[in-house]
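If you read the protein sequences in the order shown, they are chains R and A.
Numbering-wise (full-length UniProt numbering), the first sequence opens with residue 1 and increments by one.
Numbering-wise (full-length UniProt numbering), the second sequence opens with residue 1 and increments by one.
A quick write-up on the structure given underneath.
Protein chains: 2
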Amino acid sequence: MTPKQSYLSCLDTLKPVRDALDVFNGKWKLPILVSIMVGNERFTDIQHSISCITPKVLAKELKDLEEHKLIRRVIINEYPVKILYRPEPYAESIIPIIDALKEWGLNHRKKLFT
Amino acid sequence: MTPKQSYLSCLDTLKPVRDALDVFNGKWKLPILVSIMVGNERFTDIQHSISCITPKVLAKELKDLEEHKLIRRVIINEYPVKILYRPEPYAESIIPIIDALKEWGLNHRKKLFT
DNA sequence: GAATGCACTATCCTTTAGGAAAGTGCTATA
DNA sequence: TATAGCACTTTCCTAAAGGATAGTGCATTC
Numbered sequence: 001m002t003p004k005q006s007y008l009s010c011l012d013t014l015k016p017v018r019d020a021l022d023v024f025n026g027k028w029k030l031p032i033l034v035s036i037m038v039g040n041e042r043f044t045d046i047q048h049s050i051s052c053i054t055p056k057v058l059a060k061e062l063k064d065l066e067e068h069k070l071i072r073r074v075i076i077n078e079y080p081v082k083i084l085y086r087p088e089p090y091a092e093s094i095i096p097i098i099d100a101l102k103e104w105g106l107n108h109r110k111k112l113f114t
Numbered sequence: 001m002t003p004k005q006s007y008l009s010c011l012d013t014l015k016p017v018r019d020a021l022d023v024f025n026g027k028w029k030l031p032i033l034v035s036i037m038v039g040n041e042r043f044t045d046i047q048h049s050i051s052c053i054t055p056k057v058l059a060k061e062l063k064d065l066e067e068h069k070l071i072r073r074v075i076i077n078e079y080p081v082k083i084l085y086r087p088e089p090y091a092e093s094i095i096p097i098i099d100a101l102k103e104w105g106l107n108h109r110k111k112l113f114t
């Protein structure tokens, strides 16, 4: 017996969207990337540029982003030792996502107040 | 004493991005919207077009999307009664987000296999 | 020598997301 | 009359996300 299949397939779109969501899901990854990409490099600077993020969460998210090759943790051996977070070239690939979300968010806010 | 402020502000971007994430965060909202926008209308069709989503989760997400005015629940009073989920015009505004995520996901997958 | 900054880690806790499995009330079909 | 489809709901549960608070070791600055 062949099962009834009336639904429209959309896996072409769904699969890559899922792959992207697997990387960026959660409250913090995209905001952190934005902060680093505008030029914040130090742990505390990033923390302060994104209000309300706790150091524990920030540390964990930075590690995730490093694993995904979106940022790099750079150790500068001066005295005192400095640690810098820098965007990898691959990070540029997320600019269209950020732009789309930013645009949408701005428009959504307008919509709410009319 | 004025506090030291060395970090670069990026709230212009961060705020709207957050607003957007507040709406779309989670594993399912965007995939469900995609499914409805390609033309799936019935609960079970949507469920089957997105493999692995449970009816409980789908029901909840559909309610959220309705609240955000992205879809509409339409009751057709034939016999038997039909229930259809249809995209609202506002749903079109998320196309750039989907496209950006899809593009990124495709490219990311390529990257992983090279 | 006291306070502050830096880059975290550690502990504990709450909330939310999400999944598994079964069931419900209705209708239609074999 | 039994089975299947539809659109869910209910219950129970786990894992992950995220937050609060404190502390650490080091260095610099007041």
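The C-beta atom is built at its ideal place from N, Cα and C for all residues, glycine as well.
Computed from a prediction, not measured in an experiment: that's the story for all the values here.
Run through DSSP, which three-state label would residue i get?
i     : result
A/P80 : coil
A/R72 : strand
A/R42 : coil
R/K7  : Per the sequence presented here, residue 7 of chain R reads as Tyr, with Lys not at that position. In the structure shown, R/Y7 sits in coil (DSSP, three-state: anything other than H, G, I, E or B).
A/M1  : Unreliable placement is indicated for A/M1, whose pLDDT of 36 sits below 50; no coordinate value is reported for it.
List the residues of chain R whose Cβ lies closer than 7 angstroms to the Cβ of residue i, in chain order.
i      : result
A/A100 : P96, I97, A100
Measuring straight from C-alpha to C-alpha, what distance separates residue i and residue j?
i      : j      : result
R/E88  : A/V74  : 47 angstroms
R/K111 : R/G105 : 10 angstroms
R/P96  : A/N40  : 27 angstroms
A/R72  : R/D45  : 43 angstroms
R/V34  : R/S93  : 12 angstroms
R/D12  : A/E66  : 25 angstroms
List, in chain order, every chain A residue whose beta-carbon is nearer than 8 angstroms to that of residue i.
i      : result
R/E103 : P16, P96
Find the residues of chain A that neighbour residue i, judging by a C-beta separation of less than 9 angstroms, and give them in chain order.
i     : result
R/P87 : Neighbours of R/P87 on chain A: none; closest Cβ ~13 angstroms, over 9 angstroms.
Ordered along the chain, which non-local residues of its own chain (more than five positions away) have a Cβ less than 7 angstroms from that of residue i?
i      : result
R/F113 : none
Please work out which residues of its chain come closer than 8 angstroms, Cβ to Cβ, to residue i, disregarding the five sequence neighbours upstream and downstream, and give them in chain order.
i     : result
A/W28 : I50, I53, V57, L58, E61
R/M1  : Unreliable placement is indicated for R/M1, whose pLDDT of 36 sits below 50; the coordinate value is still reported in the next sentence. There are no such residues.
Worksheet entry | Contact list for the region 7 to 21 of chain A against chain R, Cβ threshold 9 angstroms | Interface annotation for the region 7 to 21 of chain A against chain R: Y7, L8, S9, C10, L11, D12, T13, L14, K15, P16, V17, R18, D19, A20, L21, criterion Cβ-Cβ distance under 9 angstroms.
Item to complete: For the region 54 to 85 of chain A, enumerate the residues whose C-beta is nearer than 7 angstroms to any C-beta of chain R, in chain order.
Response: Residues of the region 54 to 85 of chain A with a C-beta less than 7 angstroms from any C-beta of chain R: none at all.
Fill in: Residues in the region 23 to 38 of chain R having any Cβ partner in chain A nearer than 9 angstroms
Those residues of the region 23 to 38 of chain R that come within reach of chain A (Cβ to Cβ, closer than 9 angstroms) are V23, F24, N25, G26, K27, L30, P31, V34, S35, M37, V38.
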